[in-house]
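Asker: Protein sequence lines, in the order shown, are assigned to chains L and A.
Counting from 1, position 9 in the first sequence corresponds to residue 9 in the working numbering; the numbering is continuous, with no gaps.
To convert a position in the second sequence, counted from 1, into the working numbering, add 288.
Attaching a single structure in C-alpha cells format; questions to follow.
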Amino acid sequence: LEVRNIQNSDWYTSLPACETTVPCAQGTHTLRWDAGTLQLPSHPDAEAELVLAALGGEKPGCVRLAEIWGRHTDDLSVLSIWPRGTDDPVKVDWDSVPDPQAPGQPGWTRLSGMPRLRGQPSPGRAAMQAEMDRAAQRAADMLSLLALGPGFQLRLSGHVAAAHAAEPLPALEVALNGRLALVAEKWIGIDPDQVRASLQTGEGWGSAGMSGRGEERELRFALPAAWLASVWACGLALVGRQLVVGVTRPGWPDAEVLALRAPGAEPAPLDVHGTAGPDGNPVWEAAS
Amino acid sequence: LRHGLARAAHAEAVSPSAISESIAVSRVAHAFTAVGAFDDAATVDAIQENLSLALRFRLHQFRPVPYTGFWATKRESGWKYPAGERPAPVPQLVIAARLRLPIPHGSLRVLSYARTGSGGQLTVVARLHRRILSGRTHPLDQFTAIGDNGIRYSLRFDGSGGPDEWDGPLVLVPSPPAGLRWLEIAGPGTQACRIDLTAARGPDRVVTPASLSAGEQFLNTIAARLLADIPDFPPEVRRKMAASSLAFSVHAATCLGDVVAGLELAGALPPDSALPGQLSVLCESLGIDDHGVRHRRLPAELPGSWESLLVHYLRRTHDARPLDGCAGIALTLPEVDGIVFAVLGLQNTNGTSVLHMHASGLPPRPSDELLPVIWLRDSAGRWHVTKARFGSEISGEATMRLAVVPPLTSASWIEVVASGRTAEVKATVPLHWE
Chain L
1 LEVRNIQNSD WYTSLPACET TVPCAQGTHT LRWDAGTLQL PSHPDAEAEL
51 VLAALGGEKP GCVRLAEIWG RHTDDLSVLS IWPRGTDDPV KVDWDSVPDP
101 QAPGQPGWTR LSGMPRLRGQ PSPGRAAMQA EMDRAAQRAA DMLSLLALGP
151 GFQLRLSGHV AAAHAAEPLP ALEVALNGRL ALVAEKWIGI DPDQVRASLQ
201 TGEGWGSAGM SGRGEERELR FALPAAWLAS VWACGLALVG RQLVVGVTRP
251 GWPDAEVLAL RAPGAEPAPL DVHGTAGPDG NPVWEAAS
Chain A
289 LRHGLARAAH AEAVSPSAIS ESIAVSRVAH AFTAVGAFDD AATVDAIQEN
339 LSLALRFRLH QFRPVPYTGF WATKRESGWK YPAGERPAPV PQLVIAARLR
389 LPIPHGSLRV LSYARTGSGG QLTVVARLHR RILSGRTHPL DQFTAIGDNG
439 IRYSLRFDGS GGPDEWDGPL VLVPSPPAGL RWLEIAGPGT QACRIDLTAA
489 RGPDRVVTPA SLSAGEQFLN TIAARLLADI PDFPPEVRRK MAASSLAFSV
539 HAATCLGDVV AGLELAGALP PDSALPGQLS VLCESLGIDD HGVRHRRLPA
589 ELPGSWESLL VHYLRRTHDA RPLDGCAGIA LTLPEVDGIV FAVLGLQNTN
639 GTSVLHMHAS GLPPRPSDEL LPVIWLRDSA GRWHVTKARF GSEISGEATM
689 RLAVVPPLTS ASWIEVVASG RTAEVKATVP LHWE
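Written as C-alpha cells, this is what we have:
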C-alpha cells in the first residue's frame, strides 16, 4: 500500500464548496469558499473597494472578513482554540461580533471587557494599552471568523494545518491529539484522555496500537501532520466504523482512503462517497 | 501545557473540570516560568491566552472574561533569575538606630538608617493619636533632618498603617551623600535628636551554594507560601471549609500533581527527589488532601523549618501574644538570585510581627512567589516563614514589609535565611527590643 504525500495546496480536493451570509453594508451578502479560495460574489472588484476605504470610505463587511480570513490562514492558534470536531461546537452569532467601525456599540463593549487605562500616559502604560488592544483585536478577529459557521471553521482549520504540515511543531502534535481523541472516542468508545498521538515524520501512513487494561489502557497513534488537513479537515476522520489514516485518491464526492477497522489492524483501502451536510460540511460513507 | 489546553478546551467552559484544567495550566505555566524552563516567555503567554479564548468561545452566553490571569503571567515573564545578569547594587550603608523621639500626641521610633542606590531612608515605627491626623499633611511628612555637612533634608513618609500605628520608610530629600557622620531629626514641637551614622561591624554571613534543583526550590517556595497563608485553625476544620467553599479549595498547592509532573518533564525536578513526597505530607498534615501528588515514597522526615511550623499549627494551645516593641537591625545579606536583601528592623504590634527589609536587583513588579524565601529562626530554635508586601519598585529597588508567621515572641536573636535558586544565605543578628 502506498499513501501519496498529498501536496498542501491539494488538501481541500475532498471538500465541497460552501457558502454563508454575512452582514455587509445595510444588508447581508454571500461569502463563498471553493477549492481553497474565499470568494466575495457581491464584490467583484474588492481591490477597488479597498482603495476607496483607504481614502476614507467605509470598508464593506465582506472585504473586512476576507482580510481577517487572510490574516489567520496560517495562525496556529486557530487549531488550539477552534472546534475539534462536531462534538465540540462553537456557535457565535453576528450579534456577538464587535463592529470595529462602530466602537461603543454593545457588541464591542461586551467583547472588549477591558476599559481604556486611565491616568498619566507613560511608556509602560502605553505598552500595556497596546497589548490589551492587540488581545481585543485578536478576539474580535476570532469571533468574526467563528460566526461564519461550522463549514468555514473547518476549512480555515484545514488551511492552517496545511500551511504548517511540513513542520513538526508541538502545537500540531497537540492539535492532532485533541482531534484524534474525540474521533477515537466515537470509533471504539475509549476515554479521550487515554488517547496519545504523536507526529509521524517518516515514510508511510504511521501506526496505531492499544496497550494496557482498564485505567492503564492507552491508544497510541503516530500520524503525519498532513492528516489534519487532508483527512480531518475534509470530514473524513471517521467513515462508518472505520478510522481513516490517509487519503490515497482525494476527490469530491468520491474518494479513496486508507482506513482502520480496529486498533492494531492493518489499514485497508476504502472507497468513500460524500454528500454535503446542512452546515456545509461533508458527510462521508463507504461506497457500496 | 499545550495538552492541558487541549483538555480544558474540550470541557464545558463553565464546568468544574474546565475550571480545574484552567487552574492547572496556569499553575504549571507559573512553575515553568519560575524555574526558567522556557527560553521564550511569550510561549507561556500565548498558551494561556489561547486557553482563555477557547473557554470564552465555548460559553453559551458570550461573556467578557478579564485578562487577569494573562496579565499576571505577563508581569512575571521575561525575567531571568541567574545572578549577575542584572546588577544588584548593594546598599552602601545600613545602620541600626535605637532612637525614640517623643513627639506631641504620639511617639516615633527610628529603627535604622540605610543609604541605598535610590537614596537615604530611615525605617520608622510611629504611634500617633488620631486627632492629629485630621490635617492635610501627614504628621510624619512634617519632619526634617540636618546632617553634619550642614545640609537640611525634608523627610517624606513612604510607609503605611493607620489609624494609630504607622511604619515604613522616611525618605530623605534630597538624597544624602556618602560619608555623613550623623543626622539630627526634628519635627514640629519635637526637640532634635541625633543619629550616629558610624557603621559598626556587621554580623558574619554564611553563603551556601544551592543544593536543590530549580524545581525543588520552587516546591520549597510553595511550602513556604502554604505555611504563610494557611488559616490558623485545625486541619479537620479546614477540610470542612474546603469542601464547602471554593475559596478554601484553591491554595498554593492546587494542582500540585500537575506542577510536579510538569517540572519532571521539563527536567527541573529529579525523579527521585524527596520534595514532592515531603510536600504531599505537609499538605495532608494541613488538611489539604487534593494536592494530586501520587505514587510517592513517604519521606523519612520533613525539612526542619517546615516541621517547626507544622508543630505550631498542629498544637492546640496558642502562643502568648507578643508584647509590642521594636528592634533596629542593620544587616546586608550577600547576593542571592541576583538580589541583595538588607534587614532594617523588626516590630511587634497588635500581636503581629513585621520585618522591614530593602531589596535591590529586583525584577520589575516583584512578587514574593518568584523570589527567594525569607525564613527566620529565633533564639528558641523555632522557625518562622515570611510573606512580603512590596513598596514602590524603582530601578530594581524596593522596600519590603514582611509579615512574620508565627509572630516572634521574646527572641533575643534571629537568624535570617534567604533561600533562593542559586544559594542560601544567612546571618544571625541580636535583637535589642524597645
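Idealized CB from N, CA, C, for every residue including glycine.
With distances taken between CB atoms, is the gap from G324/A to A502/A smaller than 8 angstroms?
Answerer: Yes, the pair counts as a contact, with Cβ atoms nearer than the cut-off.
Asker: How about G456/A and R677/A: do their beta carbons lie closer than 8 angstroms?
Answerer: Not in contact: G456/A and R677/A (Cβ atoms no closer than 8 angstroms).
Asker: How would you call S448/A, buried or exposed, if buried means at least 16 neighbouring beta carbons within 10 angstroms?
Answerer: Exposed.
Asker: Give the C-beta separation of L219/L and I190/L to the nearest angstrom, bearing in mind that I take them to be a contact with Cβ-Cβ under 8 angstroms.
Answerer: That pair is a contact at about 5 angstroms.
Asker: Give the secondary structure of P290/L by DSSP, where H, G and I count as helix, E and B as strand, and everything else as coil.
Answerer: The requested residue 290/L is not part of the displayed model; chain L covers only 1 to 288.
Asker: What residues from the segment 545-562 of chain A come within 9 angstroms of chain L, judged by C-beta to C-beta, listed N to C?
Answerer: Per Cβ criterion, the list is empty.
Asker: Apply the 10 Å Cβ neighbour rule to Q479/A and answer buried if 16 or more other Cβ atoms are within range, or exposed otherwise.
Answerer: Classification for Q479/A: exposed.
Asker: In angstroms, rounded to a whole number, what distance separates the CA positions of P491/A and G679/A?
Answerer: Straight-line Cα distance between these residues: approximately 26 angstroms.
Asker: Run the CB neighbour count on R179/L, radius 10 Å, all protein chains shown included, and call it buried at 16 or more, exposed below.
Answerer: R179/L should be labelled buried.
Asker: For chain L, find out if any of its Cβ atoms is closer than 8 angstroms to the Cβ of A342/A; answer yes or no.
Answerer: Cβ-Cβ to chain L under 8 angstroms: yes for A342/A.
Asker: For A208/L, which of helix, strand or coil comes out of DSSP?
Answerer: It is a strand residue.
Asker: Output needed for D452/A: all residues of its chain with C-beta closer than 7 angstroms, excluding positions within five of it in sequence on either side, in chain order.
Answerer: Around D452/A: R415, L416, R418.
Asker: Please look up how many angstroms separate the CB atoms of V257/L and L238/L, rounded, as I've assumed it's under 8 angstroms.
Answerer: Not quite, the Cβ-Cβ distance comes to about 11 angstroms (not below 8 angstroms), so this is no contact.
Asker: Flag A222/L as yes if its beta-carbon sits less than 8 angstroms from any beta-carbon of chain A, otherwise no.
Answerer: It does not; no Cβ of chain A falls within 8 angstroms.
Asker: Please classify E47/L: is it buried, with 16 or more other beta-carbons within 10 angstroms of its beta-carbon, or exposed?
Answerer: Under this definition E47/L is an exposed residue.
Asker: Assuming R196/L is part of the beta strand (DSSP E), what are its boundary residues?
Answerer: Run containing R196/L: 195-199, per the beta strand (DSSP E) assignment.
Asker: Considering only heavy atoms of the ligand MN, does any lie closer than 7 angstroms to the CB of G57/L?
Answerer: With respect to the ligand MN, the structure shown offers nothing to examine, as it has no ligands at all.
Asker: Where does the unbroken beta strand (DSSP E) through V581/A begin, and where does it stop?
Answerer: That residue, V581/A, is in no beta strand (DSSP E); it is neither H nor E in DSSP.
Asker: Would you verify that the beta carbon of R146/L is, or is not, closer than 8 angstroms to some beta carbon of chain A?
Answerer: According to the sequence as given, residue 146/L is Leu; it is not Arg. Yes, L146/L lies at the interface with chain A (some Cβ there is under 8 angstroms from its Cβ).
Asker: Specify whether the segment 387-403 of chain A and the segment 471-478 of chain A touch according to this definition: at least 3 beta carbon pairs, one from each stretch, less than 8 angstroms apart.
Answerer: They touch, by the three-pair rule.
Asker: I'd like the span of the beta strand (DSSP E) that includes P497/A, first residue to last.
Answerer: Counting along the chain, the beta strand (DSSP E) containing P497/A begins and ends at 493-497.
Asker: Measure from the C-beta of F345/A to each C-beta in chain L and report whether the shortest distance is under 8 angstroms.
Answerer: Yes, F345/A counts as interfacial toward chain L.
Asker: Have a look at H600/A and S573/A and give me their C-alpha separation to the nearest angstrom.
Answerer: Approximately 12 angstroms, taken between the alpha carbons.
Asker: Can you pull the chain L neighbours of N338/A, defined as C-beta to C-beta under 8 angstroms?
Answerer: In chain order: S77, S80, I81.
Asker: Chain A partners of A139/L, CB-CB under 7 angstroms?
Answerer: Under the 7 angstroms cutoff, chain A gives L341.
Asker: Establish whether the CB of V92/L and some CB of chain A are separated by less than 8 angstroms.
Answerer: So yes, V92/L belongs to the interface.
Asker: Among A262/L, E285/L, N281/L, which one has its Cα closest to the Cα of A255/L?
Answerer: Residue E285/L is the option with its Cα nearest to A255/L.
Asker: For D446/A and L458/A, what's the separation of their Cα atoms in angstroms?
Answerer: So the alpha carbons of these two residues sit roughly 6 angstroms apart.
Asker: Since L621/A and V628/A should fall inside the 8 angstroms C-beta cutoff, what is the C-beta to C-beta distance between them, to a whole number of angstroms?
Answerer: With 8 angstroms as the limit, L621/A and V628/A qualify as a contact, their Cβ atoms being about 7 angstroms apart.
Asker: Relative to the C-alpha of A35/L, which candidate in P278/L, Q26/L, S14/L has its C-alpha closest?
Answerer: Checking every option, the nearest Cα to that of A35/L belongs to S14/L.
Asker: Anyone know if the C-beta pair for A715/A and S667/A falls short of 8 angstroms?
Answerer: Not closer than 8 angstroms, so no.
Asker: Out of P150/L, C24/L, L146/L, point me to the one whose CA is closest to P41/L's CA.
Answerer: Checking every option, the nearest Cα to that of P41/L belongs to C24/L.
Asker: List the residues of chain B whose Cβ lies closer than 8 angstroms to the Cβ of M142/L, in chain order.
Answerer: Chain labels in this structure do not include chain B; the protein chains are L and A.
Asker: In terms of DSSP beta bridges, what is D254/L paired with?
Answerer: Paired residue(s): H273/L.
Asker: From what residue to what residue does the alpha helix (DSSP H) around F152/L run?
Answerer: Element bounds for F152/L: 150-163.
Asker: Do you know how far the Cα of A262/L is from the Cα of I188/L?
Answerer: If you take the alpha carbons of I188/L and A262/L, they lie about 8 angstroms apart.
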